[in-house]
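Comments concern the structure below.
Numbering (our numbering), first residue to last: 69 to 1056.
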C-alpha cells in the first residue's frame, strides 16, 4: 500500500473490516459533489471528482493514486506493471497480498440514493430569508377595444338582436335547438305576442293578415312606383333565401300562407310525387347525410371519392336541422323572418333612419367558416357598441342569403359612410368603416385625416394591424413610450420609419433617432450607426457608438472602422492605427474582418481618404486569397481593380487577375475524417467551469460559479474578471455583453456583464423555469411557471414587453433566433403522470405571432432527453431503457420552415443528452467513466468527437459558428465550425 502523503484520486472501503453499515457511513462522509461510487471486490470504490492530498494513515479508506491513467492502491514496479498490462481507466487493487486487475466495464455504479431511508421524512415548503423578488411589470397592457363612447355620442347602441346575430356569425353564440312546436303552441305564437318580446318588424294581427291575404287586387290598383320598387326588392330578398315568389292563390292557399302552414310544392318539384311519411323521409335523409362529403345525393349521380380524407361532417343535430329546413315548414318560416328583417333594415337606410339602422346593421367583411351552419334566428338590436378586435375560432353560424345579400348590405353601408362624411359626422362614419364594413386600415387612415389620432392608434392596435402601422399611429398620437415599446417588441422600427418618411419627415427622423438609441443600448453598434447615418445632422451622436463597436471587434467592428475613418473630420488619424493593424495581420482568423472592411469601403462615396485605403486593402485581400481558398474574394477584387483611381492603375498592370475556384470550407467537406480530441483527468484546470461561450476574436467567457466570471483570450490569459456569481451565461448575439445567472433558493440572481467596458453590475432577482441561452441585447425570452415572457433586458427593474400567460404546463426548453421562437410544454394528467409534450412556434417579425402548435409523439412515456431549434424542429427520447430490451426509438417533429431535417441516430443506449442547431447536432454519451460528445451535420455524418475521462458530466453549447465542451474539472475545448480548428482553453 502507499505510505506517507499521496494525491488520492479514489478510496476503497471494505465491509469485511468495518462492517457493511460503517462502510456505507464512511463512503457518504467522504463523498463530495461530482464523486461516484462503484462496486469493487465486495467493497465500494469512491472516485473523487478532483484528486486531493491525504495522509495514508488518516485516510477514510484505502487510497488509490492515478498513475498513467490507472488507479492503483500500491506502488507498482515496472515488471509488475508489464505483467498486469493495465489498460487506461483500469483499477489495480492490492488486497491480501494479491494484485488484482479490474478493467473498465467490469465495475457497476452504485446508486447512493438506495442507501438512504427517507420514508419517515416529510416534505415541507420553504421560503428564502431574503426579500421576495419584485413583481414583474408589464409595459404593454392590452388596450380595451374601442367602445360606443370612443366614436362619440352620435353613434347609437347595438340592438340586442344584432348583438346576438353577430355572436352567431362569429361562432360565439349558443346552439339553437330546433324543437318542433305542437299545434297549440304554433297557434299561440301566431295569434299572440310573448310578453316583453322585442322584434324588429311589428307583428301583424289576425285581421291585418286577412286583409293582406284578400286585398292584393286593391293594392295592385293603387300601387305607386315607390311601392313597386319595394316589392321588387322584397322579391330579391325572398329569392336570396330560397323562398318562392308570392303568387296569388285560392282562398285556402292564401289562408295557409297567412298563418304559416306548409307551402304547396312548385309544379314539377319532387313534392308532386306521392309524399312519404315523416319518419321514413327523416331516416332516409340521415342515412344519406352520414356519407362522406365527396359523394352527392343518389338522385344527382355519384362522383369519385376525394383523394384526401374528408373533413369531419356535421353532427346529428346539424343534420336534423338541415333536414327540417328542407322538408318542414321551419325552412319557410326561417326564410320569411330573415327576409322581413333585411327588408326592414334596408327600409331604415332608405328612409334616413340611420340611428335605428345602425342599431340593427349586420357587420360584414369576415369570410364565413366553410363548415358554418345556418342560424335559425334573426339579429336583435344592439344594446352596446363594441368593435371586436379579434375573431373567435370554432364552428360559426351564418345569417344565410348568399353573396347577393351581403353585397347589397355592403353597398348600402358604403352609401351611408359617404353620406355621414358629407354631413361631417366623422365618428359615425368611422364606425361604419371599422365595425360594419370591417375596413380597419381604411378607418385608421380616415380618422388620421380628420385629427382623431388617438382613436386611430387604438383601433390599429386593437385590430392587430401591421406593427409598423401601429407604431406610426402611436407616434403621431404623441404617445412615444408606447410606440417605442411596440416597435421593440415586434422589431417594427424600419417599417414604421418607411411609413412616416413621405408624409411626416420630421417624425420619421425622430423615430430614427429613437431606433438608433434602442439599438445602441442593446449593444448592436453597427445597426445603430446604420439607422442613424441618414440623419446627417445627428451623425456626431454616432461617434461614441462607432468607437465602442470597434473595441468589440468582429465583422461588425471592421465595418464600423470604415465609418470612423471616413465619416468624421478627425477620423482618419484617430482610426489609422486600428486599420493598419487589421490590414497587416496575416492570420486567417481575421480574414472575414478584412473582407467586411473592404465591402463597406466600396459602399462609401469616392474621396481622397477612400482612395488612400484602396491599395493596402487590395493587397491584404490578395494575400487572403492565397492563404484562405474558402473566401469568395474574386468578385470584390474585380470591382476594386475596375475603379478609376490612379492608385489602382499600377496594380491593374502589375497584378493580372486570375479566376480561382474557391475551395469549400471544412463544414462542407463531409468526406474528411472526424476530428478527435481526448482529455484525461490530468488535464484538469484550476477552477470548475459551469458554463462557457466563445466571443469574437477567439475570446472565451467562463462562468466559474461563486468565483465569478472570467474573460480570457485564445491562450487562456485573463482579460477581465467579473466579481458576480455566475453558474449560467446568456450572451448577446453581438458578443459585447452577457447575463450571469446564479441560483439563490427559489429565485435566480441576474447580473449584467459589459464585456467592452469590462464591468459588472447586479440587475435583479427573478423566478425562472427555462430561458433562451442567447438574446439580442434588448429582448430576452424566459419561462416562469406556465407563462412565457419577453423580458425587457434594458430596463432597470423587471419588466416584460410581451407574454403568453398560460400555456397549460411547464416549459421545458426555449429556443430563439432573429426570426423565430419555439418552446416545449410538458402536460401532466390529473394524477401528475405524463400526458403529452407540445411544441409552440412563433414568428417574431411584427411582434410574436403564434404560427404552429403540434404534439411531439412520445411512445415511451415521459422523455428525459429533449432538444429544440428556434424554427421548431424537436426531438424527444429516453436515455435509459431496460437492459433486456432494445432502446426505445425517439420521436422527431420536423421544423415549421422549409429546410432539411436532421438525421439523428435515436437508438443509442449510452446517450444522455442531445442538442440541435439549424445545421449541426451534438449527442452526449456516457459509458463508465468516459464522457463523449459527437458532432454531426444535418445528414448525420460524424464530424468531430470530444472525449473526457473522469466522472463529471460534459456540458455543451452549440451555435452555427462553434461548439464548446467543458466540465467541472476545468477542461474546456471548442471547435470552429467553419475552419474545423480545435482550441483548448487552459483554466489557470
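We put the CB at the ideal spot given by N, CA and C, even for glycine.
Taking only three categories from DSSP, how would you classify residue i?
| i | result |
| --- | --- |
| residue 178 | coil |
| residue 437 | Confidence is the limiting factor: at residue 437 the pLDDT is only 46, short of 50, which leaves the residue's position unreliable, though a coordinate-based value still follows. Coil. |
| residue 686 | helix |
| residue 627 | helix |
| residue 555 | helix |
| residue 282 | The pLDDT assigned to residue 282 is 49, lower than 50, so where the model puts this residue is not dependable; a value taken from the coordinates is nonetheless given after this. Looking at residue 282 - three-state DSSP - the assignment turns out to be helix. |
| residue 613 | helix |
| residue 913 | coil |
| residue 667 | helix |
| residue 734 | helix |
| residue 135 | strand |
| residue 608 | helix |
| residue 706 | helix |
| residue 858 | strand |
| residue 111 | strand |
| residue 846 | coil |
| residue 430 | coil |
| residue 756 | coil |
| residue 999 | strand |
| residue 309 | In this prediction, residue 309 has a pLDDT of 46, which is less than 50 and means its spatial position is unreliable; what the coordinates show is noted afterwards. If DSSP states are grouped into helix, strand and coil, residue 309 belongs with coil. |
| residue 106 | strand |
Opposite residue i in the DSSP bridges: which residues?
| i | result |
| --- | --- |
| residue 906 | 893, 923 |
| residue 1004 | 989, 1010 |
| residue 121 | 75 |
| residue 821 | 806, 828 |
| residue 35 | Residue 35 is absent from the model: the chain starts at 69 and stops at 1056. |
| residue 933 | 945 |
| residue 170 | 159 |
So, for residue i: in the same chain, excluding its five sequence neighbours on each side, which residues have a beta-carbon less than 8 Å away from its beta-carbon?
| i | result |
| --- | --- |
| residue 615 | 632 |
| residue 290 | Unreliable placement is indicated for residue 290, whose pLDDT of 43 sits below 50; the coordinate value is still reported in the next sentence. Nothing listed; no residue qualifies. |
| residue 474 | 432 |
| residue 921 | 906, 907, 908, 909 |
With a Cβ-Cβ cutoff of 8 Å, do residue i and residue j count as a contact?
| i | j | result |
| --- | --- | --- |
| residue 504 | residue 429 | yes |
| residue 1042 | residue 1053 | yes |
| residue 1040 | residue 1055 | yes |
| residue 970 | residue 1006 | yes |
| residue 1058 | residue 1038 | The structure shown does not extend to residue 1058, since the chain spans only 69 to 1056, so no value can be given for it. |
| residue 157 | residue 558 | no |
| residue 764 | residue 733 | no |
| residue 555 | residue 525 | no |
| residue 890 | residue 940 | yes |
| residue 865 | residue 201 | no |
| residue 162 | residue 145 | no |
| residue 102 | residue 1020 | yes |
Can you name, in chain order, every residue of its own chain whose Cβ lies under 7 Å from the Cβ of residue i, other than the five neighbours on each side?
| i | result |
| --- | --- |
| residue 342 | Residue placement at residue 342 is poorly supported in this model, since its pLDDT is 43, which falls under 50; the coordinates still yield a value, given next. Excluding positions up to five away in sequence, the list is empty. |
| residue 947 | 932, 933, 979, 980 |
| residue 861 | 843, 845, 846, 847, 848 |
| residue 171 | 155, 158 |
By the DSSP assignment, the beta strand (DSSP E) with residue i in it spans what residues?
| i | result |
| --- | --- |
| residue 771 | 767–771 |
| residue 870 | 867–872 |
| residue 790 | 786–790 |
| residue 1051 | 1050–1053 |
| residue 740 | Looking at the DSSP string, residue 740 is not in any beta strand (DSSP E), and its letter there is neither H nor E. |
| residue 1033 | 1030–1034 |
Can we count residue i as close to the ligand FAD, meaning its CB is less than 7 Å from some heavy atom?
| i | result |
| --- | --- |
| residue 596 | In terms of ligand content, the structure shown is empty, and the ligand FAD therefore cannot be addressed. |
With residue i as the anchor, note down where its alpha helix (DSSP H) starts and where it stops.
| i | result |
| --- | --- |
| residue 983 | Run containing residue 983: none in the alpha helix (DSSP H); it sits in the beta strand (DSSP E), 979–984. |
| residue 148 | 146–152 |
| residue 93 | 88–98 |
| residue 13 | No statement about residue 13 is possible, as the shown extent of the chain runs from 69 to 1056 and does not include it. |
| residue 513 | 508–517 |
| residue 539 | 535–544 |
Please return the same chain residues whose Cβ sits closer than 6 Å to the Cβ of residue i, not counting the five positions on each side in sequence.
| i | result |
| --- | --- |
| residue 497 | 485, 488, 489 |
| residue 708 | 686 |
| residue 315 | Low per-residue confidence applies at residue 315: pLDDT is 47, beneath 50, and the placement is therefore not dependable, though the value from the model is reported in the following sentence. Correct list: empty, nothing qualifies. |
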